[in-house]
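First comes the structure, then the notes that go with it.
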Amino acid sequence: MSAKLAMTISTLLLNLVSVSTLLASDGLVPFSAWDLNNDPANINVEATDRAFEYNLARLPMRGELEKKPWTDTYWPSYKRGIAQRWVDSSSIGFSFRDFFSSRLSEKKVAKLSPAEKYDLYLGNMDYPLTEAEKNRTSRSAPKWEGLCHGWAMASMLFDEPNPITVVNNNGVVIHFGSSDIKALLTLLQGNYNEGKTYFAGSRCDAKFNVYRWHNRNNACMDVNAGAFHVILSNKIGILKQGIVIDRQTDKEVWNQPVHAFRSKIIAEQAATADAATGTVKEVVVSTVITYTAEIEPNFYPQNRAGTEDFRVLKEYRYILELNRHGNIIGGEWISSDYPDFIWTQSRVRFVNYFASLAKLYQLSIRANN
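First residue of the sequence shown? That's 22 in this note's numbering, and the numbers climb one at a time after it.
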């Protein structure tokens, strides 16, 4: 951040000087009113959802879900997705030919990838899921590409699995670790979901090293700060439902499940010239969200492991624009680092090749490890 911009923001917070006016003097005017892509109503479309509250005075300033998302890896593509033999990378030495003989011991089976274990559990000796994962992924894929979209949503929609041991129809003993079941849920939720996905904001594909308001691409201005606050306070604070954010406004996508927030008003001011039409008052808000980050795969569940190093606190500062009724009708970001988009999704059904995953999942939930 430049010294000039830092001084601008500091001046706003200390003296209630308009950010919009100061930025306009440099030709850096941010968008205030949300457009159709940013409309909070995009997220609130399920038949069971109650209407969103837009009045700032009636919105909760904090909220937290009782059930926290579980952590796991994002199953990066350069490691072959859920075809990765994560238990022991040296186990890459044995091949499918071993599966057709008696040479594959219980110990070796335990080192197979989640995809291989599931294929083996079903008795499919051509390993269709494993082959599909190898065809989908590439060793040369960018390090950030993976299944974070599936993991982030699955971690909120499914309970955290426990390790289980099952025997397939051929008498093969298979040990599924927590991350093995998580991997299958992640792939199913992310890549085989026939349900609906609801977005607010647009993906920004730009690569830029300057302050974000220099970029005039609408997608790189998302998600609108006012829409962000409305969605966050309604979904988590009122409806007790989690959301997923892409935490980076650039080409890379890092989906993170958000389960808590706390907000406070740190300044108030009259409407500025560049505010959304109908604005009579602006408030400066500081919001700290809590999201779950990725870790390496684990055999045992982590939510009860006694540590929560994978919970991340992130502060955002922004302006909310209020109409004469006190309703939020727009907003502007003060922070230069803010979410690209927000989304939610319906829970996937266990169908087709993943129908048998329902049994494994239920066994893992009932298991007492």
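By construction, the Cβ of each residue, glycine as well, lies at the ideal position given by its N, Cα and C atoms.
For Gln-277, the enclosing beta strand (DSSP E) has its first and last residue at 276-291.
Rounded to the nearest angstrom, the Cβ distance from Asn-276 to His-196 is 29 Å, too far for a contact under 8 Å.
For Ser-307, the secondary structure class from DSSP, reduced to helix, strand or coil, is strand. Counting only residues of its own chain and dropping the five nearest sequence neighbours on each side, Trp-165 has a CB closer than 6 Å to the CB of Glu-273. Exclusion of the five residues before and after Trp-354 leaves Ala-246 and Tyr-339 as the residues of its chain whose Cβ lies within less than 6 Å of its Cβ. In the three-state scheme derived from DSSP, where H, G and I count as helix and E and B as strand, Ala-131 is classed as coil. In summary, His-280 is buried, with 16 or more beta-carbon neighbours lying within 10 Å of its beta-carbon over all protein chains present. When Lys-335, Leu-57 and Ile-316 are compared, the shortest CA-CA separation from Thr-328 is found for Ile-316. Ranked by Cα distance from Asp-93, the options Val-66, Gly-222 and Pro-322 are led by Pro-322. The DSSP-derived three-state label of Val-194 is strand. Per DSSP, the beta-bridge partners of Val-333 are Tyr-312.
In this structure the stretch 348-364 lies against the stretch 257-269, because at least three pairs of beta carbons, one per stretch, are closer than 8 Å.
Rounded to whole angstroms, the separation of the alpha carbons of Tyr-99 and Thr-313 is 22 Å. In the DSSP assignment, Trp-364 forms a beta bridge with Phe-220 and Val-265.
In this structure Leu-77 does not touch Leu-378 by the C-beta definition: roughly 43 Å separates them, more than the 8 Å allowed. One alpha carbon belongs to Glu-336, the other to Asn-145, and they sit about 48 Å apart. For Val-251, the uninterrupted alpha helix (DSSP H) run begins and ends at 246-253, by DSSP. Listed in chain order, the non-local C-beta contacts of Val-130 below 6 Å within the same chain comprise Ile-195, local neighbours out to five positions each way being set aside. Sequence-distant Cβ neighbours of Leu-178 in its own chain, meaning closer than 6 Å and more than five residues away, are Arg-368. Exposure of Gly-192 is indicated by the presence of fewer than 16 other C-beta atoms within 10 angstroms of its C-beta. Nearest to Ile-64 by alpha-carbon distance, out of Arg-283, Arg-157, Lys-217 and Leu-334, is Lys-217. As the crow flies, the alpha-carbon of Arg-106 is around 10 Å from that of Asp-201. Taking all protein chains shown into account, Lys-380 has fewer than 16 neighbouring C-beta atoms within 10 Å of its C-beta and is therefore exposed. By DSSP's assignment, Val-187 forms a beta bridge with Ile-195. When rounded, the separation of the alpha-carbon atoms in Lys-155 and Tyr-139 is 15 Å. At a Cβ-Cβ threshold of 9 Å, Leu-208 and Tyr-382 do not count as neighbours. Scanning Leu-86, Ser-176 and Glu-181 for the CA closest to the CA of Phe-282 turns up Leu-86. The beta-bridge partner set that DSSP reports for Gly-351 consists of Ala-54 and Glu-342. Counted as a single uninterrupted DSSP element, the stretch harbouring Gly-102 is not any alpha helix (DSSP H), since DSSP gives it neither H nor E.
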